[in-house]
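As given, the protein sequences belong to chains A and B, one line each in that order. Those letters in the first sequence? Residues 1 to 442, per my numbering, in order. Those letters in the second sequence? Residues 1001 to 1445, per my numbering, in order. C-beta: ideal position from N, C-alpha, C; glycine also. Just below is one structure, and these are the notes that go with it.
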Amino acid sequence: MAAVLVAQTPTGDVLIKNGTVLTVTNGTLENTDILVRDGKIRRIGKNLRTPNGVMEVDATGKFVMPGIIDAHSHIAGSAINEGTSQVTAEVSMEDVVDPLDVSIYRALAGGVTSIHLMHGSANVIGGQNETMKLRFGTTDPDDLRFQGAPRTIKFALGENPTRGGRSRGIQPQSRMGVENMLRNAFTQAVEYREEWAAYNANKDPRKVAPEYDLRMQTLVDIMNGDVLVHCHSYRADEIYMLLKVFSDFNIPKITFQHANEAYKVAPELAAFGASASVFADWWAYKLEVYYSTAYNAAILTENGVLTSINSDSGELIRHLFHEAAKTQKYGELTDDQALALITLNPAKQLGIDDRVGSLEEGKDADIAIFDKHPLSVYAIPQMTFVDGVKYFDIENDGDDQRIYINPESSISEMTLYERHNDHRCMEGAFLDMEEYFSIFKK
Amino acid sequence: MKSTINKLFTLLFAIVIFSGSSFAQEDDQVLKARSGKFALTNAKIFTVTNGVIENGTLLISNGIIEAVGTNVTIPADAEVIDVEGREIYPGMIDSGTTLGLSEIGSISEAQDFREFGALTPQMQALTAVNPNSVAIPVTRVSGVTTVWTMPQGGPLPGTAAAINLFGYTPDQMFAGSKGVVMNFPSTPTGWRARRLTEAQKKERMDRALKTINDAWDKAELYAKIENADDVRAYPEIEALVPVVKGELTLFIEANAAADITAAITWVEDRGYEQVVLTGVAEGWRVADEIAASGLSVITGPVQAIPTRQSDRFDAAYANPAVLQKAGVKVALRTMEAENVRNLPYHAGFAAAYGMGREEALKAITINAAEILGVGDQIGSIEVGKKANVFVATGDPFETATKITDLFIDGYKVPMTSRQIRLYDEFLNRTPSVDKTKPVIDIKKK
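Below you can see the structure in the form of structure tokens.
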């Protein structure tokens, strides 16, 4: 099945000539060519010969970097929250991928090639996420899948799940309840695993299998290390709490999403081997981000915590290179450190760093070209390639890049961008909940 | 028994207070702003209005710029600050924020920019400015020295004010101008409007327009009779009278192209003399009409999603440049509270997408000052203007640039904020983790 799908996604051949190549893992290479064959980086070097039939792109004076990876996105998702229970590990964002979302094109126009389409943060253990490549132009959601990427799942701590609990009169309504909910869920999952282990060990032909439970099985998969946890979190105490819970259940990998106060427990995160995916400078939009600092990414990086910068926004995703550049103001990170925050580091957090995240021979040809150094505020993305196929070229950027135009939509339809409405993490969580509970009130 | 408990409490209270203050003395060095005479020497000075001065000196005295140039005599009592290799700019001005009015976004008790009622132009933003907002030092250390802080909400939500980002009372912060905010009726859009017919939409627009027109009709009448003996107090209408008389500027928010042109027609019909268009997100669609109207524009945020699905990805980035090239005088805004510090980056994006660095710098300095009505006091480095300036290691639009010194109203303001103090405390935390006895004992697989 997977092999069939891989064959369907297009791959390209291209020679990107004479650019300043920002490899991220191997420094900056001046006047260097990149040869892409069949969607993979075949060679990186000087004065490479152009094979017959391969398109040339002149990158003289331009900057070539690995395609940007957003470890926290909600674009291209037609739904965000399944909020009907505080544990919904059985649902997956793969079922709600919207390939028509023009935000995908706009992200490509910001040099982004991969996103982590995340479930929302309304519940403690949310749904599974989907790691995607931005192959814009298809109408088939499966074409956007990042084949071979590990499964991941969303958890959420703090104000969002406790707000959900309060609005519905159930647990959790406090950070104590959040911990209790996590421990209960994993304790049940341990029992479920033991039931199945006992069943499988039993040689009796008349044995009866335990009931299969996708929710419990997903938690077992987490404990087995087959599903990576990405946990919405803000405060240092709740981050520390989850480290202890994961320690007790032997769950080795965790990425804290947002994690505005991760800097306060940076030594603990480093000791655990946990990583963080943070905003460059968002703060004060709620109480639990009031004691933030824009130096968060730098403090984490200098303390040895694997750190990325994400968008969680259809706006920010278009200039993650600029968001990463802010770490030079807030903490004086080097160019390579800053670029790694939006390339190699998110790739590691998503378990796809063997494929993307740096410009190396053998890796996928997910590449962004800029007219100036991408850490300059004046940099404008020029071209974006996924698997060697060009999906954005500023020279051919049309007025209307939508794939599908809703015949019922009005020509004058306009929506004013308001940053404070840009958080989709809780989208649908309460509207749906009110409707859901109104059924019982009747 | 009771008195013993009371004594105990008194004792405890004394211990708490005493230990608290002694810690404060030991651990927290209180940094205060200083006034006086300052001579900044060997600087590259971007005056904005009179070009760039290489190897110049800027002399600040009594809160104002006393001298600027290459041949400045430095008084004996001036504190000399050698800023060789660095650049001096006029403080940046954000022409649209809720800074000081909003402390924490999700908590309604911590927000003071929205009042109950549709017609509340008498609501004064300046009254609700919290001089101790944590966001204020966070903002000014990035070189933003002045903001336009605005009420929001209904058709006439209140009166905005220009404030400098240093001071202990709203009056100390007041930068010298105010203006009435009006949200021009906008075409209903979004999911709420989806179920409305075209006739229903028009009816809503007409009703909204009637609401504001009734208010302005009354204001015009009030302006004629306000000196009569028996005119009763009518605060919401009185607040509009200075606009009618051309003494106060009206800031009209309009974003959709149709709303912008409708607002221009409305202004022409009313004949008000001091009007500024704000928002103007779709200004690029009707740039020539705006230019022909002669109205100035405050636009932003620049880092924004295009208003329509069918727009080019860079519509919002390029909007200020399109307006400026059409001949419109443009100032920029972030519409932020806590992240007004990103103003130079909004300007940087406007510069990159067609405006150029020089015009983008004007849009957050002199143009902003002039549009807000304080162009004679701030917005450029000129003798006699208020000493709102900052020193940078380079181009302030670039994120790698550091702001090293900051002056507001002639005060040398400390380059610190809670975010910087947290960095100092946590970069190398003490105690760190005990690696011989980890708190978290993960059994690695």
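Practice task
State the Cα-Cα distance for the pair B:I1366 and B:G1379, rounded to the nearest angstrom.
Solution key: Locating residue 1366 of chain B in the second sequence gives position 366, counting from the first residue. Locating residue 1379 of chain B in the second sequence gives position 379, counting from the first residue. When rounded, the distance between both Cα atoms is 4 Å.
Handout entry: Cβ-based contacts, 9 Å cut-off: residues of the stretch 1100-1127 of chain B near chain A
Key = S1102, E1103, I1104, G1105, S1106, I1107 and A1110
Practice task
Let me know the secondary structure DSSP gives B:Y1423 once reduced to three states.
Solution key: Your numbering for residue 1423 of chain B matches position 423 in the second sequence. Residue state, collapsed to three classes: helix.
Exercise for the section: Return the residue from the list B:I1371, B:I1381 and B:A1315 that minimises the CA-CA distance to A:G398. Expected result: As a first step, residue 398 of chain A is located in the first sequence; it is residue number 398 there, counting from the start. Residue B:A1315 is the option with its Cα nearest to A:G398.
Problem - Spatial distance of A:Y199 from A:I403 (CA atoms) - result: One-based indexing of the first sequence puts residue 199 of chain A at position 199. One-based indexing of the first sequence puts residue 403 of chain A at position 403. Roughly 51 Å separates the two Cα atoms.
Exercise for the section: Kindly say whether A:A451, judged by its beta-carbon, lies nearer than 8 Å to any beta-carbon of chain B. Expected result: No answer is possible for residue 451 of chain A: it lies beyond the span of chain A, which begins at 1 and ends at 442.
Handout entry: Own chain, CB closer than 7 Å to A:Q188, minus 5 neighbours either side, in chain order
Key = Your numbering for residue 188 of chain A matches position 188 in the first sequence. Excluding sequence neighbours, A:Q188 sits near M216.
Practice task
Apply the 10 Å Cβ neighbour rule to B:D1214 and answer buried if 16 or more other Cβ atoms are within range, or exposed otherwise.
Solution key: Along the second sequence, read from residue 1 onward, the residue named residue 1214 of chain B stands at position 214. Per the 10 Å Cβ criterion, exposed.
Handout entry: A:R183 and A:V97 closer than 8 Å at C-beta
Key = For the purposes of this step, residue 183 of chain A is identified with residue 183 of the first sequence, where counting begins at 1. For the purposes of this step, residue 97 of chain A is identified with residue 97 of the first sequence, where counting begins at 1. No, Cβ-Cβ distance for A:R183 and A:V97 is not below 8 Å.
Handout entry: Counted within 10 angstroms of its Cβ, other Cβ atoms place B:I1225 as buried (16 or more) or exposed
Key = As a working note, residue 1225 of chain B is residue 225 in the second sequence. With fewer than 16 Cβ atoms within 10 Å of its Cβ, B:I1225 is classed as exposed.
Practice task
Note down the Cα distance separating B:M1448 from B:N1255, rounded to an integer number of angstroms.
Solution key: With chain B covering only 1001 through 1445, there is no way to say anything about residue 1448 of chain B.
Exercise for the section: Confirm, please, whether the CB-CB distance from B:E1359 to B:N1050 is below 8 Å. Expected result: On the second sequence, position 50 is the one that residue 1050 of chain B refers to. On the second sequence, position 359 is the one that residue 1359 of chain B refers to. Contact flag unset, no.
Problem - alpha helix (DSSP H) segment containing A:K40, residue limits - result: Locating residue 40 of chain A in the first sequence gives position 40, counting from the first residue. It is not in any alpha helix (DSSP H) - A:K40 instead sits in the beta strand (DSSP E) that spans K40 to G45.
Exercise for the section: Can you say whether A:I170 is buried or exposed, counting buried as having 16 or more other CB atoms within 10 angstroms of its CB? Expected result: Here residue 170 of chain A refers to the residue found at position 170 when the first sequence is read from its first residue. Exposed.
Exercise for the section: Determine whether the Cβ of A:V102 lies closer than 8 Å to any Cβ atom of chain B. Expected result: On the first sequence, residue 102 of chain A is found 102 positions in, with the first residue counted as 1. By this cut-off, A:V102 is an interface position.
Practice task
Please state if the CB of A:P267 and the CB of B:R1429 are separated by a distance shorter than 8 Å.
Solution key: Reading the second sequence from its first residue, position 429 is the one you call residue 1429 of chain B. Reading the first sequence from its first residue, position 267 is the one you call residue 267 of chain A. Yes.
Practice task
Measuring only between beta-carbons, confirm whether B:G1373 sits less than 8 Å from chain A.
Solution key: By 1-based counting over the second sequence, the position of residue 1373 of chain B is 373. False, the Cβ-Cβ gap to chain A never drops below 8 Å.
Handout entry: C-beta neighbour in chain A for B:I1053, strict 8 Å
Key = Looking up residue 1053 of chain B in the second sequence gives position 53. Closer than 8 Å: no.
Practice task
On a CA-only basis, which of B:T1041, B:L1165 and B:T1073 is nearest B:G1085? Give me that one, please.
Solution key: Stepping through the second sequence from its first residue, residue 1085 of chain B is reached at position 85. Answer by Cα proximity: B:T1041.
Handout entry: Spatial distance of A:I367 from A:G120 (CA atoms)
Key = As a first step, residue 367 of chain A must be located in the first sequence, where it is residue number 367. As a first step, residue 120 of chain A must be located in the first sequence, where it is residue number 120. The alpha-carbon atoms of A:I367 and A:G120 are separated by roughly 29 Å.
Exercise for the section: Please classify B:D1230: does DSSP put it in a helix, a strand, or coil? Expected result: Counting from one through the second sequence, the residue named residue 1230 of chain B turns up at place 230. Note: B:D1230 maps to coil in three-state DSSP.
Handout entry: Within-8 Å CB hit, A:P10 to chain B
Key = Taking the first sequence and counting its residues from 1, the one referred to as residue 10 of chain A is at position 10. Judged by the 8 Å Cβ criterion, A:P10 is not in contact with chain B.
Exercise for the section: Answer yes or no: does any C-beta atom of chain A fall closer than 8 Å to that of B:P1414? Expected result: As a first step, residue 1414 of chain B must be located in the second sequence, where it is residue number 414. Not one chain A Cβ lies under 8 Å of B:P1414.
Exercise for the section: Answer with yes or no whether the minimum CB distance from A:Q217 to chain B is below 8 Å. Expected result: Indexing the first sequence from 1 puts residue 217 of chain A at position 217. Judged by the 8 Å Cβ criterion, A:Q217 is not in contact with chain B.
Problem - Whole-angstrom C-beta distance between A:Q401 and A:Y105, which should lie under 8 Å - result: For the purposes of this step, residue 105 of chain A is identified with residue 105 of the first sequence, where counting begins at 1. For the purposes of this step, residue 401 of chain A is identified with residue 401 of the first sequence, where counting begins at 1. About 5 Å; that satisfies the 8 Å criterion.
Problem - Within-8 Å CB hit, A:I115 to chain B - result: The residue labelled residue 115 of chain A in the question sits at position 115 within the first sequence. For A:I115, the answer is no, since every Cβ of chain B falls outside 8 Å of its Cβ.
Exercise for the section: Report the residue from A:I222, A:V377, A:T9 and A:T162 whose alpha carbon sits nearest the alpha carbon of A:I153. Expected result: Counted from its first residue, the first sequence places residue 153 of chain A at position 153. It is A:I222 whose Cα lies nearest to the Cα of A:I153.
Handout entry: For B:Y1089, the first and last residue of its enclosing beta strand (DSSP E)
Key = By 1-based counting over the second sequence, the position of residue 1089 of chain B is 89. Start and end: E1087 to P1090.
Handout entry: Where the beta strand (DSSP E) through A:P66 begins and ends
Key = Reading the first sequence from its first residue, position 66 is the one you call residue 66 of chain A. Unbroken beta strand (DSSP E) run through A:P66: F63 to P66.
Handout entry: Residue closest to A:S376, alpha-carbon to alpha-carbon, out of A:Q328, A:I405 and A:R235
Key = Reading the first sequence from its first residue, position 376 is the one you call residue 376 of chain A. For the residues A:Q328, A:I405 and A:R235, the minimum Cα distance to A:S376 belongs to A:Q328.
Practice task
Leaving aside the five residues before and after A:T218 along the sequence, list all residues of the same chain whose C-beta is less than 8 Å from its C-beta, in chain order.
Solution key: Your numbering for residue 218 of chain A matches position 218 in the first sequence. Taken in chain order, the residues that qualify are A89, E90, Q128, I153 and V227.
Practice task
Label B:F1009 either buried or exposed according to how many other C-beta atoms from any shown protein chain fall within 10 Å of its C-beta, with 16 as the threshold for buried.
Solution key: Residue numbering aside, residue 1009 of chain B sits at position 9 when the second sequence is read from its first letter. Its pLDDT being 48, under 50, B:F1009 is placed unreliably by the model, and nothing is read from it.
Exercise for the section: Output the boundary residues of the alpha helix (DSSP H) element that contains B:A1263. Expected result: Within the second sequence, the letter at position 263 stands for residue 1263 of chain B. B:A1263 -> alpha helix (DSSP H) spans A1257 to R1270.
Practice task
Give the interface partners of B:A1161 over in chain A, defined as CB-CB distance under 7 Å, in chain order.
Solution key: Against the second sequence, residue 1161 of chain B aligns to sequence position 161. Chain A residues near B:A1161: none, gap ~21 Å exceeds 7 Å.
Problem - Residues from the stretch 1326-1341 of chain B in contact with chain A, defined by Cβ distance under 8 Å - result: M1335, E1336, A1337, E1338, N1339 and R1341
Handout entry: Length of the line joining the Cα atoms of A:P51 and B:H1346
Key = Counting from one through the first sequence, the residue named residue 51 of chain A turns up at place 51. Counting from one through the second sequence, the residue named residue 1346 of chain B turns up at place 346. Their Cα atoms are separated by approximately 43 Å.
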